[in-house]
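> Dropping a structure here in structure tokens format, bear with me for questions.
There are 2 protein chains.
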Amino acid sequence: MVTMAIRMSGETAGRTTRVAMVMETIRQRIAGRGLTPGAKLPSVRRLATTLNVSTSTVVDAYERLVGEGAILSRPGSGFYVANQAAPFSLSQAAPKLDRAIDPFWISRQSLEADDGDHKPGCGWLPASWLAEDGVRRALRTLSRADGVALAGYGSPLGSSPLRTLITRRMAEHGIEANPDQIMLTESGTQAIDLLCRFLIEPGDTVLVDDPCYFNFHALLRAHRARIVSVPYTPSGPDIEAFAHTLAENRPRLYITNSAIHNPTGATLSPVIAHKILKLAEQFDLTIIEDDIFADFEHAPAPRLAAFDGLDRVIHIGSFSKTLSAAARCGFVAAKPEWIEALTDLKIATSFGGGRLTADLVLQVLSDGNYRKHVESLKVRLSRAMTDVSARLRNLGIVPWLEPRAGMFLWCRLPDDLDAADVARAALESRIVLAPGNVFSLSQSATGFMRFNVSQTLDPRVLDVLKDAILRPKAKAGTQASGAG
Amino acid sequence: MVTMAIRMSGETAGRTTRVAMVMETIRQRIAGRGLTPGAKLPSVRRLATTLNVSTSTVVDAYERLVGEGAILSRPGSGFYVANQAAPFSLSQAAPKLDRAIDPFWISRQSLEADDGDHKPGCGWLPASWLAEDGVRRALRTLSRADGVALAGYGSPLGSSPLRTLITRRMAEHGIEANPDQIMLTESGTQAIDLLCRFLIEPGDTVLVDDPCYFNFHALLRAHRARIVSVPYTPSGPDIEAFAHTLAENRPRLYITNSAIHNPTGATLSPVIAHKILKLAEQFDLTIIEDDIFADFEHAPAPRLAAFDGLDRVIHIGSFSKTLSAAARCGFVAAKPEWIEALTDLKIATSFGGGRLTADLVLQVLSDGNYRKHVESLKVRLSRAMTDVSARLRNLGIVPWLEPRAGMFLWCRLPDDLDAADVARAALESRIVLAPGNVFSLSQSATGFMRFNVSQTLDPRVLDVLKDAILRPKAKAGTQASGAG
Chain F
1 MVTMAIRMSG ETAGRTTRVA MVMETIRQRI AGRGLTPGAK LPSVRRLATT LNVSTSTVVD
61 AYERLVGEGA ILSRPGSGFY VANQAAPFSL SQAAPKLDRA IDPFWISRQS LEADDGDHKP
121 GCGWLPASWL AEDGVRRALR TLSRADGVAL AGYGSPLGSS PLRTLITRRM AEHGIEANPD
181 QIMLTESGTQ AIDLLCRFLI EPGDTVLVDD PCYFNFHALL RAHRARIVSV PYTPSGPDIE
241 AFAHTLAENR PRLYITNSAI HNPTGATLSP VIAHKILKLA EQFDLTIIED DIFADFEHAP
301 APRLAAFDGL DRVIHIGSFS KTLSAAARCG FVAAKPEWIE ALTDLKIATS FGGGRLTADL
361 VLQVLSDGNY RKHVESLKVR LSRAMTDVSA RLRNLGIVPW LEPRAGMFLW CRLPDDLDAA
421 DVARAALESR IVLAPGNVFS LSQSATGFMR FNVSQTLDPR VLDVLKDAIL RPKAKAGTQA
481 SGAG
Chain G
1 MVTMAIRMSG ETAGRTTRVA MVMETIRQRI AGRGLTPGAK LPSVRRLATT LNVSTSTVVD
61 AYERLVGEGA ILSRPGSGFY VANQAAPFSL SQAAPKLDRA IDPFWISRQS LEADDGDHKP
121 GCGWLPASWL AEDGVRRALR TLSRADGVAL AGYGSPLGSS PLRTLITRRM AEHGIEANPD
181 QIMLTESGTQ AIDLLCRFLI EPGDTVLVDD PCYFNFHALL RAHRARIVSV PYTPSGPDIE
241 AFAHTLAENR PRLYITNSAI HNPTGATLSP VIAHKILKLA EQFDLTIIED DIFADFEHAP
301 APRLAAFDGL DRVIHIGSFS KTLSAAARCG FVAAKPEWIE ALTDLKIATS FGGGRLTADL
361 VLQVLSDGNY RKHVESLKVR LSRAMTDVSA RLRNLGIVPW LEPRAGMFLW CRLPDDLDAA
421 DVARAALESR IVLAPGNVFS LSQSATGFMR FNVSQTLDPR VLDVLKDAIL RPKAKAGTQA
481 SGAG
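Pasting the structure below:
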């Protein structure tokens, strides 16, 4: 249920908005295959009645869609979905939200920012916090490796020593797997993407947390999934809502983080984990447990994959958050027959894997210094968490919970501010923020914002934030007084 | 039109084969969405008549499909496609051919082979032929790069200096593009995969050459495309057949190599290139020109993208074939508005790109030694081509043409031998061959085989090949005399 992009609000919505709403309705039906190429569109009169708009609004919308090539007009007959559908565009499939609360807005702003820019809204640590020295040493070691390591393709599953090492690391979280149950990928995201290809069909329903990592929305839209969500609580998904949604919507798949939830920093409790798995069994639900923040934990939290034994839970991870985001390497752990099919799919869609980056990751992880690096990173993050939490509270920005670990603080803004307004204001000063609704399918996080504490330490960030909070507040005040 | 996996041949086909054929027919209809979840299957009697098999064969097939969870039996009502479709499996969607002529067979055999094994059937040079020294130097240089280069995410389009360098290289082939029209990917395959996601819907028709690179089949099946093919001639696709297929099947997309065609080694002629583009315009066809063998050319051949100006042609490339397959890096060149949408899609499905491998590729390409490396590589390949061609002729294996450049020789085997039999025999001696039908949608290349000359120089390969040719010949002789 993709939330309708533009909400109608009676008299205040202008004609332009209504035309856009009609266009979006049709685009979504086409994207969701409710209207297939060649299909006749509803008559102008019928759609006008259904959507409670004037016939001229529908005519206007249809004519613009003809202009875009999405539909065709056959005079005397009606309107039809274009046969050669315009190239699929994610931003078309996604709700045409204001760019400030579009999932791509934040990805692209963060990735396009200059290396030195401040990005409290991004999902990674500053490069200087990562295993830079380890990477340097690994590069030097690799420069002396044999020629096949430097120039040959990797094996279908990927580096066997790295897969063995991954199983050892998973065992520390209680997840038993053998190396043949691990397939390396180019990234955690690629792992989820391959799994979506393997597990779901266009139109299938997929369940996510609300809020959840915004790229899950984008990824699932690329797969044309129907997305539903359940509210997230400090100990996991709201289990009543979870049970209800399974019964009601019969999702095929649930994608979640367990150890450190993105964006809330919450931790799944054992009792909720157990209930999730019982319900998953009852409703034949497959679960992808995205564990890319595993290395940040101080004490291991429950993993769904540990309870389930990799039966209906698939465990994925990567090394981008603690080691290096420049050397892309992720993995999937699943039952052997699924790994077999996923390997074919990986070969078909990206051929081999990145042998060199897998070797590099292996080098860094095997290096005795990596554990030390992670330990000092965790201390540094804890300090930043305490520090930033206090400073944000001073601005009236209140954390929803104090996370046990990780880099994220999920905060409520003061005075019913709209986080999108604040983000827009901050961007003028080249500070990239992450407004709450980017993470929320139900768009119920208007007053929330995710802060990456490692990127919020600079005084300038706090200054801009302060300004960005004061400005919309002042504006809101003006508008309110103007209206009143 | 996926070729039927198992051919019925009257009395010789056993009952098991007939049951498998019926199962495969149903699986393909489900995979191709001809039968959607919940749909009722044809009655046992009707399907038996249609497929010219007994009703008990259909009953048997339906029961096994129920066992697999693909369909459900509703007693008193009939059989239905399962609502929760079993996880999508490529090997299910692909024809269940004998493993020896399954596209995955060759990919996986080649990738799983030990580094020292001989793989005349694989699509890459021995690692020792690649830019090993350049990679070593680049790794040492990178170990001194700044921290962001070593640990940060890449920009959405990927390294700007590398994109600039790619446009300069493309200009040498007459293709004009600016760096904003280039998006880096993890590999050439990933580039095509993103394009398929962007350009086609499940069920859309895509045109390929016959023969063509076998992974195009696997990739397109992963996208649930309907695949059609046109015969390839020494100067490009058979243009009559091409025109006919466009008119008849209205494919949305054509995927081809121009400079050095895989597997035939043929070169597109300017006149055919021009005709292709005229027809593409007439039938609104988009073309992906896969140019990953560009660096092997002695004299540049025509590129479709050069004539077309990146309007309806998309140009892709990578560095796996001449530089290193361990450092994955490919690119797409297309019109700006497509690059914009592709970038969103790349972020959604794999987040950033491999910054480190892009920097490594840039280092190697900028290194003055790379041109020298490529020049000596071309000389080495020319020699191997002459040498292997002569040796194969001695065994009665005759090249279809003498390629101008590259590593492939597309050859006809002697005495109507089935290349799959020869490949199977050679595999017992751990030599991986590439039988012709792996490349042929129409399965019309039974008597052909692709040889990678760089991997066919070892005397042991020729010995095994000789044996592998003699053995099936002897067997064929025995069978013939037994039958006669």
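Protein sequence lines, in the order shown, are assigned to chains F and G.
Residue 472 in full-length UniProt numbering sits at position 472 of the first sequence, and the numbers go up by one each step.
Residue 349 in full-length UniProt numbering sits at position 349 of the second sequence, and the numbers go up by one each step.
Here a beta-carbon is modelled for each residue, glycine too, at the ideal position from N, C-alpha and C.
Less than 7 Å between the beta carbons of G:Gly34 and G:Leu184, yes or no?
Cβ distance not < 7 Å, so G:Gly34 and G:Leu184 don't count as in contact.
> Assign F:Ser320 to buried or exposed, taking buried as 16 or more other Cβ atoms, counted over all protein chains shown, within 10 Å of its Cβ.
Classification for F:Ser320: buried.
> What does G:Trp124 touch in chain F if you count any residue whose Cβ is under 7 Å from its own?
Correct list: Tyr153.
> For G:Asp344, count neighbouring C-beta atoms within 10 Å of its own C-beta (all shown protein chains included) and say buried if the count is 16 or more, exposed if not.
G:Asp344 should be labelled buried.
> Taking the Cβ atom as the reference point for each residue, do G:Gly123 and G:Leu433 lie within a distance shorter than 7 Å?
No; because the gap between Cβ atoms is not below 7 Å, this pair is not in contact.
> Just to confirm my understanding: we take G:Ser43, look at its own chain, exclude 5 residues before and 5 after, and list those with CB closer than 8 Å. What are they?
Excluding residues within five positions, the ones whose Cβ falls inside 8 Å are Gly78.
> Helix or strand or just coil, what does DSSP make of G:Tyr213?
In this structure, G:Tyr213 counts as coil in the three-state DSSP scheme.
> Return no unless some Cβ of chain F is closer than 7 Å to the Cβ of G:Glu281.
It does not; no Cβ of chain F falls within 7 Å.
> Determine contact between the stretch 321–340 of chain G and the stretch 123–135 of chain G, defined as no fewer than three beta-carbon pairs at a distance below 8 Å.
Taking 8 Å as the limit for Cβ pairs, the verdict is that the stretch 123–135 of chain G does touch the stretch 321–340 of chain G.
> Under 7 Å between C-beta atoms, does F:Ile469 make it to chain G?
For F:Ile469, the answer is no, since every Cβ of chain G falls outside 7 Å of its Cβ.
> What separation, rounded to the nearest whole angstrom, lies between the Cα atoms of G:Met407 and G:Gly265?
Each residue's Cα considered, the two are about 8 Å apart.
> Quick one: grab the DSSP three-state call for F:Pro336.
In the structure shown, F:Pro336 sits in a helix (DSSP, three-state: H, G or I).
> CA-CA distance, F:Gln84 and G:Asp284?
Confidence is the limiting factor: at F:Gln84 the pLDDT is only 44, short of 50, which leaves the residue's position unreliable and the question unanswerable from this model.
> I want to verify the contact list: residues of chain G whose CB lies under 7 Å from the CB of F:Leu139, in sequence order.
Correct list: Leu139, Leu142 and Ser143.
> Mind pulling the chain G residues with CB within less than 9 Å of F:Asp193?
What F:Asp193 touches in chain G: Ala348, Thr349 and Ser350.
> Does the beta carbon of F:Leu377 come closer than 7 Å to any beta carbon on chain G?
So, not an interface residue.
> Between the Cα of residue 491 of chain F and the Cα atoms of F:Tyr254, F:Ala294 and F:Asn262, which residue gives the shortest distance?
A question about residue 491 of chain F goes unanswered here, because the residues of chain F that appear run from 1 up to 484.
> F:Pro270 and F:Pro302 - do their beta-carbons sit closer together than 7 Å?
In this structure, F:Pro270 lies closer than 7 Å to F:Pro302 by Cβ.
> Three or more beta-carbon pairs under 8 Å between the stretch 374–387 of chain F and the stretch 216–223 of chain F, yes or no?
Segments in contact, no.
> Put G:Pro459 into one of helix, strand or coil per three-state DSSP.
Helix.
> Residues in its own chain within less than 7 Å of G:Glu11 by CB, not counting five upstream and five downstream?
Bear in mind that the predicted position of G:Glu11 carries a pLDDT of just 37, short of 50, making it unreliable; the figure below should be weighed with that in mind. Counting only Cβ-Cβ distances below 7 Å, and skipping sequence neighbours, we find nothing.
> Could you tell me the alpha carbon to alpha carbon distance between G:Leu125 and G:Glu176, rounded to whole angstroms?
Answer to the nearest angstrom: the Cα atoms are 30 Å apart.
> What residues match up with F:Thr286 in a beta bridge as DSSP calls it?
Answer is F:Leu253, bridged to F:Thr286.
> Suppose contacts are defined by Cβ-Cβ distances below 7 Å. Is F:Ile260 in contact with F:Ala405 by that definition?
The answer is yes: Cβ separation under 7 Å.
> By Cβ distance, which residues of its chain are closer than 6 Å to G:Phe88, with the 5 residues on each side in sequence left out?
Residue placement at G:Phe88 cannot be trusted, given a pLDDT of 41 that sits under 50; what the coordinates show is reported in the next sentence. Nothing meets the Cβ criterion.
> Could you say if the stretch 228–240 of chain G and the stretch 186–204 of chain G meet the contact criterion of at least three C-beta pairs nearer than 8 Å?
No, the stretch 228–240 of chain G is not in contact with the stretch 186–204 of chain G.
> Does the beta carbon of F:Val135 come closer than 7 Å to any beta carbon on chain G?
So yes, F:Val135 belongs to the interface.
> Please report how far the alpha carbon of F:Val422 lies from the alpha carbon of G:Ile347, in whole angstroms.
Going by the C-alpha atoms only, they are around 25 Å apart.
> Mind checking the stretch 229–257 of chain G against chain F and listing, in chain order, the residues whose C-beta falls within less than 7 Å of any C-beta there?
Residues passing the 7 Å Cβ filter: Arg252.
> Mind pulling the chain G residues with CB within less than 9 Å of F:Ser159?
Near F:Ser159 there are no residues of chain G at all, since even the closest Cβ is about 11 Å away, more than 9 Å.
> With 7 Å set as the bound, which would you pick, yes or no: does the beta-carbon of G:Ser187 sit closer than that to a beta-carbon of chain F?
Output row for G:Ser187: interface = yes.
> Can you tell me whether DSSP reads F:Ala124 as helix, strand or coil?
It is Trp, not Ala, that sits at residue 124 of chain F in the sequence shown. Of the three classes helix, strand and coil, the one that applies to F:Trp124 here is coil, per DSSP.
> Among F:Val66, F:Asn52, F:Trp129 and F:Ser73, whose alpha-carbon lies nearest the alpha-carbon of F:Leu457?
Closest by alpha carbon: F:Trp129.
> Using the Cα positions of G:Met23 and G:Thr57, report the straight-line distance between them to the nearest angstrom.
Straight-line Cα distance between these residues: approximately 10 Å.
> Pick helix, strand or coil for F:Pro300, following the three-state DSSP scheme.
Of the three classes helix, strand and coil, the one that applies to F:Pro300 here is coil, per DSSP.
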